[in-house]
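Residue 836 is where the sequence shown starts when you use this note's numbering, and the numbers rise one by one after that.
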Amino acid sequence: MSRTTVTAAYDQLIAEGYLETRPGSRTRVAAGLRPEPAPAGAMVPPQRLSAFGERIMAMPPAAEPPKPAIDFRTGDLAGDDFPALAWRRALNAVLLRRPARLAYGDPRGLPGLRAALQAYLWRARGLSCGLDQIVVVNGSQQGIDLCARLLVDPGDRVAVEEPGYGAARRAFCAAGAAIVPVPVDDEGLRTGDLAAAGRARLAYVTPSHQFPLGGVLPAARRQALLAWAEGCGAMIVEDDYDGEYRFDMKPVEALLSLDRAGRVIYVGTVSKTLSPQLRLGYLVVPAGLSDAFAEAKRLADRQAPGLEQAALARLLEEGGYERHLRQARRRNAERRTALLGALAESFGTRVRVAGAAAGLHLVAWFEDVPAEREAAMAAAARAAGIGIYPVGPLYHEAGARPDRAGLVLGFASSAPDTIRAGIRRLAAALDAADIGRAPASVRTN
Ligand SMILES: Cc1ncc(COP(=O)(O)O)c(C=O)c1O
């Protein structure tokens, strides 16, 4: 090796502090350096997590099993439904504006988007709110997480629907909340059981379309929920995740529009209307909490991505969002009809459908199949290339669940023909596994 290379290597090691030189003595390895790195696989002291980290790791992992050929997972949308052309036009228009400087903005989100959302919420949901009450977030999940961070201390009681949305429950668990499950029936949260929740700090609810059972909270229960919150000083997080999709019913008012006491935080998202991949949602928070939410959002990630916010604003302003929504409603109505028809054809009265009047999923209760068979049903279906999702894991307390098997079937991601084929294959797979088999006299084939 040439002297120059060696000298350069020495100089670099000296500059980085691995070697030290002293006048009059030889260059040597710097004092205090560990002579050798620990061999791979050697014992290393355990890395300590915060209490928050420990709580997260104590929860069962939110597994994402590989996607089967036909998947009834809730939350996914069909790729073809995304309004690619309109979105590209909106993005192009935004890019052409070329701002003078690329700067951080208001953590609540682009003023233009918040104004467009304000107008949309008034048009579509009859909601009236100030601009500063709207905080643009990276999907409902971040909105719910910010609620947990700002409003819940470890040990605080948080009322959740039983069964309910796992991702919200996990955010409150991670904050150290004492989860208080409140039962749900065909009309949503049983508000009469709220008293048992004691002095809760917060309640998380899906009043427009209960997740997963699909009930729509009647007016009297809405009033009771608000009165309960006022009575115990609790906040209510209203997750309006699929309020845009109504089939056999008129749109229902948001809980927020009945709230006179500043108890409700409204959570909206474009995950069901445009794409869950966009990670765009919004909160409407009481005016008194606006600054706290803005600061928490700034700390989390400064602000939602500007380009996508501006594109969404444009889509809302020029009517493309609602045009797309009309089309998405039509397509999803066709998928829903296909699913209902296929369930009736393959299972007849052995399956009772719940929660199909709104939203992008329904629950199929298998009246003759015991709850313990849900895992076997999912396994048999998966072996046949069908993804189905039992209702059991959505209960916080296993003992609270009904004794028959139930499946939460999302229908927004497949074509009607695929849905029909999927249900036929599901019926054949369950039959082959001897689960919920029709009595011979009723069997159709
Ligand atoms: C109850 C509920 N809330 C919210 C969402 C959407 O979450 P995000 O906006 O974080 O994508 C879903 C998605 O399936 C959901 O089921």
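Ideal Cβ placement from N, Cα and C applies to all residues, glycine included.
Check your understanding: Going by other Cβ atoms of all chains shown within 10 Å of its Cβ, with 16 needed for buried, is asparagine 973 buried or exposed?
Key -> Taking the sequence shown and counting its residues from 1, the one referred to as residue 973 is at position 138. Asparagine 973 comes out buried.
Check your understanding: Between tryptophan 957 and the rest of its own chain, which residues show a CB-CB distance below 8 Å, the 5 nearest in sequence each way excluded?
Key -> Locating residue 957 in the sequence shown gives position 122, counting from the first residue. So the qualifying residues of the chain are Ser963.
Review point. When we look at the beta-carbon of tyrosine 853 and count the other beta-carbons within 10 Å, is it buried (16 or more) or exposed?
Key: Here residue 853 is taken as the residue at index 18 of the sequence shown, counted from 1. Classification of tyrosine 853: exposed, given that the 10 Å Cβ count is below 16.
Exercise for review: For proline 1053, collect the residues of the same chain with a Cβ closer than 7 Å to its Cβ; drop the 5 residues on either side in sequence, then sort them by chain order.
Suggested key: The residue labelled residue 1053 in the question sits at position 218 within the sequence shown. Contacts found: Glu1022.
Practice item. Pick out whichever of Pro1086, Val864, Leu1147 and Ala938 has its Cα sitting closest to the Cα of glycine 1116. Key: Translated into the one-based positions of the sequence shown, residue 1116 becomes position 281. For the residues Pro1086, Val864, Leu1147 and Ala938, the minimum Cα distance to glycine 1116 belongs to Leu1147.
**Study point:** Reference alanine 1262, options Glu1157, Val1198, Arg1185 and Val971, closest by Cα
**Key:** Reading the sequence shown from its first residue, position 427 is the one you call residue 1262. The shortest Cα separation from alanine 1262 among Glu1157, Val1198, Arg1185 and Val971 belongs to Arg1185.
Check your understanding: Does the Cβ of serine 1249 lie closer than 7 Å to at least one heavy atom of ligand 1?
Key -> On the sequence shown, position 414 is the one that residue 1249 refers to. No, the beta carbon of serine 1249 sits no closer than 7 Å to any heavy atom of ligand 1.
Point to revise | Residue environment, glutamate 996, which counts as buried when at least 16 other CB atoms sit within 10 Å | key: Counting from 1 along the sequence shown, the entry for residue 996 is found at position 161. Answer is buried; the Cβ neighbour count reaches 16.
Check your understanding: For ligand 1, is there a heavy atom less than 7 Å away from the beta-carbon of glutamine 976?
Key -> By 1-based counting over the sequence shown, the position of residue 976 is 141. Glutamine 976: yes, Cβ under 7 Å from ligand 1.
Review point. Which runs of the alpha helix (DSSP H), 4 residues or longer, sit entirely within the stretch 871-910?
Key: 886-893
Review point. Any chance the CB of serine 1106 is under 7 Å from a heavy atom of ligand 1?
Key: Working through the sequence shown from its first residue, we reach residue 1106 at position 271. Yes, the Cβ of serine 1106 comes within 7 Å of a heavy atom of ligand 1.
Check your understanding: Do alanine 1219 and alanine 1264 have their C-beta atoms within less than 8 Å of each other?
Key -> Position 384 of the sequence shown holds residue 1219. Position 429 of the sequence shown holds residue 1264. Yes. Within cutoff.
Review point. In this structure, does DSSP put valine 1198 in helix, strand or coil?
Key: Here residue 1198 refers to the residue found at position 363 when the sequence shown is read from its first residue. Of the three classes helix, strand and coil, the one that applies to valine 1198 here is strand, per DSSP.
Review point. Within the chosen definition, does the stretch 1118-1134 reach the stretch 972-989 through at least 3 CB pairs nearer than 8 Å?
Key: yes
Check your understanding: Opposite methionine 1070 in the DSSP bridges: which residues?
Key -> Within the sequence shown, the letter at position 235 stands for residue 1070. Leu1037.
Exercise for review: Give a yes or no on whether the C-beta atoms belonging to tyrosine 955 and glutamine 1138 are separated by under 8 Å.
Suggested key: Here residue 955 refers to the residue found at position 120 when the sequence shown is read from its first residue. Here residue 1138 refers to the residue found at position 303 when the sequence shown is read from its first residue. Not closer than 8 Å, so no.
Exercise for review: Report whether the distance from the Cβ of phenylalanine 907 to the nearest heavy atom of ligand 1 is below 7 Å.
Suggested key: If you number the sequence shown from 1, residue 907 lands on position 72. No, Cβ of phenylalanine 907 sits at least 7 Å from all heavy atoms of ligand 1.
Review point. How is the alpha helix (DSSP H) around glutamate 1143 delimited, first residue to last?
Key: Start at 1 with the first residue of the sequence shown, and residue 1143 comes out as number 308. Taken as a continuous stretch (DSSP letters only), the alpha helix (DSSP H) holding glutamate 1143 covers 1141-1152.
Practice item. To the nearest angstrom, report how far apart valine 987 and valine 971 are at their CA atoms. Key: Translated into the one-based positions of the sequence shown, residue 987 becomes position 152. Translated into the one-based positions of the sequence shown, residue 971 becomes position 136. Whole-angstrom Cα-Cα distance: 21 Å.
Check your understanding: Are the beta-carbon atoms of lysine 812 and glutamate 1088 separated by less than 8 Å?
Key -> Look at the range of the chain in this structure, 836 to 1280, and you will see that residue 812 is not part of it.
Review point. Short check: CB of alanine 1177 to CB of arginine 1236, under 8 Å?
Key: Your numbering for residue 1177 matches position 342 in the sequence shown. Your numbering for residue 1236 matches position 401 in the sequence shown. Result no, Cβ atoms of alanine 1177 and arginine 1236 do not sit closer than 8 Å.
Point to revise | Separation of aspartate 967 from alanine 1127, as counted between CA atoms | key: As a working note, residue 1127 is residue 292 in the sequence shown. As a working note, residue 967 is residue 132 in the sequence shown. Approximately 11 Å, taken between the alpha carbons.
Point to revise | Sequence ranges, beta strand (DSSP E) only - wholly within the stretch 1200-1270, length at least 3 | key: 1239-1245
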